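Input: a single structure, listed below in structure tokens.
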Amino acid sequence: MKAIFFSILHAPFSILTAFCLFALESHLATAQPITPANDGTGTTVTQNGDQFKIDGGTLSGINQFHSFWQFSLDSGQIANFSSHPQIHNILGRVVGGDPSIINGLIQVTGGNSNLYLMNPAGIIFGQGASLNIPASFTATTANGIGFAGGWFNAVGDNNYQALVGNPHSFAFTMEQPGSIINAGELEVGVGNNVTLLGGTVINTGTISAAGGKITLTAVSGENLVRISQEGMLLSLEVEPVGANGDSSLPPTTGITPGDLPRLLTGGNDHQATGIQVNPDGTVWLTSSGMTIPTEAGIGLASGTLDVSGETGGSIHVFGNKVAVIDANIDASGTNGGGTVLIGGDYQGQGTVPNALRTFVSEDSVINADALINGNGGKIIVWADEATRFYGTITAQGGLSSGDGGFVEVSGKEFLDFAGTANLGSAQGQLGILLLDPINITIIPGGNNSVELAANDQFADPGVNNTINNGTINAAIANVILQATNDITFNAPINIAAFGVWVTAEAGNNINVNANITTNQGNISLNADFDNMNGGALNLMGATINTNGGNFTGIGTGNAIFGDGIALNNSTINAAGGDITLTGMGGVGNNNYGISLNQSLVQSTGNGDITFNGISENGTNLGNGILSDNSTISAENGELHLTGTANGPGMQNRGMWLRNNTTITTNNGDITLDGTGGEGSNLNDGVLLENSDVTSNEGNIKIIGESTGDGSGISNTGVEIFINNIVKSTRGNITLIGRGGDGVNENEGIRIAENAMVSSGGTINFEGDSKASGADNYGILVENNALVESTGQGSITLKGIALDADGIYVEDSSIQSTSIDSNPINLIADEMSFVGNVEISSPGIIQLQPFDDSLGITVGGTTNDNSLNLDTDELGLLQDGFSQIIIGGDNGSGVITLVDDYTFNDPVTLRSPVGNGSIDTSGFTLTGNDTSITLEANQNITTGNLISVGDITLTSNQIDLGGTVTGTGILSLQPASANQDITIGNLTDSGINTLDLLDTDITKLQPGFTSIIIPDRHRVVIEKRLPGWMTSLTPRQVLVMKWKVK
535 MKAIFFSILH
545 APFSILTAFC
555 LFALESHLAT
565 AQPITPANDG
575 TGTTVTQNGD
585 QFKIDGGTLS
595 GINQFHSFWQ
605 FSLDSGQIAN
615 FSSHPQIHNI
625 LGRVVGGDPS
635 IINGLIQVTG
645 GNSNLYLMNP
655 AGIIFGQGAS
665 LNIPASFTAT
675 TANGIGFAGG
685 WFNAVGDNNY
695 QALVGNPHSF
705 AFTMEQPGSI
715 INAGELEVGV
725 GNNVTLLGGT
735 VINTGTISAA
745 GGKITLTAVS
755 GENLVRISQE
765 GMLLSLEVEP
775 VGANGDSSLP
785 PTTGITPGDL
795 PRLLTGGNDH
805 QATGIQVNPD
815 GTVWLTSSGM
825 TIPTEAGIGL
835 ASGTLDVSGE
845 TGGSIHVFGN
855 KVAVIDANID
865 ASGTNGGGTV
875 LIGGDYQGQG
885 TVPNALRTFV
895 SEDSVINADA
905 LINGNGGKII
915 VWADEATRFY
925 GTITAQGGLS
935 SGDGGFVEVS
945 GKEFLDFAGT
955 ANLGSAQGQL
965 GILLLDPINI
975 TIIPGGNNSV
985 ELAANDQFAD
995 PGVNNTINNG
1005 TINAAIANVI
1015 LQATNDITFN
1025 APINIAAFGV
1035 WVTAEAGNNI
1045 NVNANITTNQ
1055 GNISLNADFD
1065 NMNGGALNLM
1075 GATINTNGGN
1085 FTGIGTGNAI
1095 FGDGIALNNS
1105 TINAAGGDIT
1115 LTGMGGVGNN
1125 NYGISLNQSL
1135 VQSTGNGDIT
1145 FNGISENGTN
1155 LGNGILSDNS
1165 TISAENGELH
1175 LTGTANGPGM
1185 QNRGMWLRNN
1195 TTITTNNGDI
1205 TLDGTGGEGS
1215 NLNDGVLLEN
1225 SDVTSNEGNI
1235 KIIGESTGDG
1245 SGISNTGVEI
1255 FINNIVKSTR
1265 GNITLIGRGG
1275 DGVNENEGIR
1285 IAENAMVSSG
1295 GTINFEGDSK
1305 ASGADNYGIL
1315 VENNALVEST
1325 GQGSITLKGI
1335 ALDADGIYVE
1345 DSSIQSTSID
1355 SNPINLIADE
1365 MSFVGNVEIS
1375 SPGIIQLQPF
1385 DDSLGITVGG
1395 TTNDNSLNLD
1405 TDELGLLQDG
1415 FSQIIIGGDN
1425 GSGVITLVDD
1435 YTFNDPVTLR
1445 SPVGNGSIDT
1455 SGFTLTGNDT
1465 SITLEANQNI
1475 TTGNLISVGD
1485 ITLTSNQIDL
1495 GGTVTGTGIL
1505 SLQPASANQD
1515 ITIGNLTDSG
1525 INTLDLLDTD
1535 ITKLQPGFTS
1545 IIIPDRHRVV
1555 IEKRLPGWMT
1565 SLTPRQVLVM
1575 KWKVK
């Protein structure tokens, strides 16, 4: 198809005037009266002055058929079709070969009938043309109108008796269908329709159908136009004439429609009409510089199209190329806006025909407003190739109630949008403006149209689809930018209207190179929204500020952009709104789900921040989340970052925060959750390097898991190192780490190299190394690291390892500084303290195995299957604990003293359930100016016990193998409630009695202030007590509050 051009220079001109001149000058002398065709149809025409009464015809069911040789009206003339109530449709054809030039009135009387006028040669409604029709009106240059029983042919014979029911299709089987032009005032009643259906359809006049439907459809040759359902939209089907030998299609014999130049000039009549036909066949409207393409399929809407009413009706303008020039298109309604379709329906879908190219001029206005109540209407401006829109479009909600409507302006391949949109609402929600070509580039520019050169309104589209930023800034509508491929912001978006939101959806990438600002409106940037070929979200030197609205970013990396979401020297600020980023890395190496480089993400109010980053298909160096010298800050909201790496190689970390990255909240909680890749080395779950994670009032939770395979090293669950700080001033801190399956250094949790974990609340570590081999610790604290509680909270480290220590502390500190501190709990089946270690607290420290049934050795140097608390390790516990507890609340193993040991703080050894027992025989356990407590559910067997303080022995069986010396209180009691106590007998009296044998009594040394046997037990004294016991002063008494036998 050859190129076609349609231009308008901005000179004062009325297209309507041009056609009026044409109608009055060019054809005034040639317009003929109405004459019936002599073909047996039976049509009669009776002239009475300027009136032509049309009767007769052929009746078939509800249809009345007429056949005319010619059908034209001069100004002042009236064509009156007679009808009666049983006739639903009147159909007239014109067979003489001349176009119909109508400058008078067409009316139907006697019935409520629809009127169809078919003239393949062309139809012009001049300035004086008007309608008085009780129902709907259709004018067409088709060569056949289809019924269920066959065709009403424009020429030749018809089987009228088969043509029953309502028409459902129109045939354009000729190569160049005739044209229809309206410069008159065509109006039908409320709820009825006006349809102009021809090869070229041009309106420069006024068409009105209050609450009804106006359809202008330009159809190129060899097409069928079908009505899918009665009263529904059009469906266009292309069927080449004769391709299947279908003889039922209307014939083209005898039909020679004039082209547009011939129709306009009336053959050889060259009067001064204001229209010039050039020798090359182009048609010019001389006073405007507008060139009208001469091939079929051109739809031009100018003048007025009006379906406003109680509820707005529908206006459809279709064609291969559609132009809206100096037009007022109105589908507004008192109680709701209507529908306007220019060039197609939503995203080119549905059954209506799509334009290839669509143009809307700056001086055109399209309205689908709800005037009082109800929602704004639906307006679509579409083209399969290119759309240029410079006009004004409105779909406002009602003044009293209702929301704004929906508007889409798009060229599937190209869009130039510099128009104005108002989808506001006085009482409800703003409407939506959708712009969705193949690519979009936002460029600097005001809210005005581009000065186009002559003849380029339908020119080939440019390379870039451009939208002026001023157009979006001025839009009173929520804006959706939707591109098949890429969206690029090269100019700032600054929307001042309150609550207006912006959504960008790209099939591929979204590149933000300029600022985007709203006034509490949400911003959503969704790359790869079709989930097909990947699409990255890239911010480069840009600031996004919602001023309280929510921000959502979604991206998926691809072969070009490895990162799903990448922020470089950029800022996202939602004030009090939420921020959600969801990114998935692409293929190859160095792909990140979410990447931040020297950037800021913050919500300064109560908004939450959520990251979900996945490194999906890369091999090496893939991180779910990577932050480099950046800040993520939520003032009072929650901050939740989740990173997952799935790469099979190395350095595939779930989350890596490095180089002075700061994660911070004031009152909100922080959760970091990372899962490392399945490869060999350095696949950490969460790696914090030289960064800060801090909160004032909120809790901090860090969860990391490495899924590294069994051949690598340094696959750590949670690693915090190199000056990193994790701190909550008054909240709690929880670290949960699970190391990988590698060979070495696959810790569950590692705190190292001047890193600090500090909390005013509780601190809980749970570290699990599932790897076999050396240095695979559950929890590793080393190289001047600090774990610190500054408030009343406890510190609990729970470490699990297969072959290494569950807890390993080297050259580092674990401390509670508050005088009201809760316990430090170290729980592991094996733990080691090496080098310059400081473990201190004014409160309690508890050391116990993870496995409650596991034994404990105290003192000396051992390496068996027990929890070995060697002399050197216990010596690293700083003096000043209120109590040292060895053994857990549910301990059931054997606690064994394997060397002499002196505690400087009160000490408790306990194994209080099951088979729990304590054995200090052979060695001396000393409390240096402090108390000693032994608690076991089974036997306590002692060596020497020495304490300047109190000694408490709790067990169902106490065997004193050495002397028991003290200057405080000695408490002796069974572990079981109501257990009897026998003192001084020679042999053991059985399992139901705690026996302090004669040999045990002799081990008790003088010096205790008192010996207490609790009052809930029955005491039997079998032998005289030692003299020193009987000589206790009143302040040094043997306290037995129950009866003594």
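All letters in the sequence shown, in the order written, are residues 535 to 1579 by our numbering.
Note that beta-carbon positions come from the ideal geometry of N, C-alpha and C, so glycine has one too.
All of these numbers come straight from a predicted model, not from anything done at the bench.
Distances from the CA of F992 to each of I667, L834, N1019, D584 were compared; the closest alpha carbon is that of L834. Measuring C-alpha to C-alpha distances from T1205 to each of I913, N1123, K1261 identifies K1261 as the nearest. The beta carbon of V698 lies closer than 8 Å to those of S594, G595, I596, N597, F681, A682, G683 in the same chain, with the five residues before and after it left out. Residue burial annotation: H600 is buried, with at least 16 other C-beta atoms found within 10 angstroms of its C-beta. Comparing alpha carbon positions, the residue from D1514, N1512, L1504, N1526 closest to I1535 is L1504.
Taking 9 Å as the cut-off, the Cβ atoms of I1010 and A1038 do not count as close. S1149 is bridged by DSSP to A1179. Membership of A655 in any beta strand (DSSP E) is not indicated, and neither H nor E is assigned to it by DSSP. With respect to the 9 Å criterion, N716 and G746 are not classified as neighbours on the basis of their beta carbons. The C-alpha of I624 lies about 24 Å from the C-alpha of G847. Non-local beta-carbon contacts of T1395 in its own chain, meaning distances under 6 Å to residues more than five positions away in sequence, involve D1404 in chain order. By alpha-carbon distance to L1160, the top candidate from T1153, A1100, T1476, I1143 is A1100. DSSP, reduced to helix, strand and coil, places I1256 outside both helices and strands of the structure shown, so it counts as coil. Counting only the Cα atoms, P784 lies some 57 Å from G1087. A residue is called buried once 16 or more other Cβ atoms fall within 10 Å of its Cβ, and V724, having fewer, is exposed.
When the five nearest sequence neighbours on each side are left out, the beta carbons in the same chain lying within less than 7 Å of the beta carbon of Q585 are those of I612, N614, in order along the chain.
Considered as a whole, the segment 1448-1503 harbours 1451-1453, 1458-1461, 1466-1470, 1473-1476, 1478-1481, 1485-1488, 1491-1494, 1498-1500 as its complete beta strand (DSSP E) runs of no fewer than 3 residues, in chain order. By the Cβ rule, the segment 898-906 counts as touching the segment 863-875, because three or more pairs are nearer than 8 Å. In this structure, I1270 is the residue among D1493, P619, T1442, I1270 with its C-alpha nearest to the C-alpha of G1301. Cβ contact annotation for Q620 (same chain, cutoff 8 Å, sequence separation greater than five): I596, G645, in chain order.
Secondary structure note for T790: it is in no beta strand (DSSP E), with a DSSP letter that is neither H nor E. The Cβ neighbour count for F1032, taken over all protein chains shown within 10 Å, is under 16; the residue is labelled exposed.
Annotation for H618: G644, G645 place their beta carbon closer than 8 Å to its own, counting only its chain and skipping 5 residues before and after. Just so you know, the alpha carbons of N1399 and Y1342 end up roughly 17 Å apart. Annotation: D1354 to T1464 spans about 20 Å, alpha carbon to alpha carbon. If only uninterrupted beta strand (DSSP E) runs of at least 3 residues are considered, those enclosed by the segment 1298-1378 are 1313-1316, 1320-1323, 1329-1335, 1341-1344, 1347-1350, 1358-1362, 1365-1368, 1372-1374. Apart from the 5 residues on each side of it in sequence, P654 sits with its Cβ closer than 6 Å to the Cβ of T675, N677, A688, G712, I789, P791 in its chain, given in chain order. N572 and T592 have their C-alpha atoms spaced approximately 13 Å apart. Between N869 and I826, the CB-CB gap reaches or exceeds 9 Å. In the DSSP assignment, L625 falls outside any alpha helix (DSSP H) and lies within the beta strand (DSSP E) extending over 623-628. DSSP, read as helix, strand or coil, puts A1108 in coil. A buried status is given to P887, since no fewer than 16 other beta-carbon atoms sit within 10 Å of its beta-carbon.
In the displayed model, I1535 falls within a helix according to three-state DSSP.
The alpha-carbon of I1001 is positioned some 36 Å away from that of L1173.
The secondary-structure analysis by DSSP pairs Y924 with nothing; it has no beta-bridge partner. In this structure, the alpha-carbon of L1494 lies about 39 Å from that of S1346.
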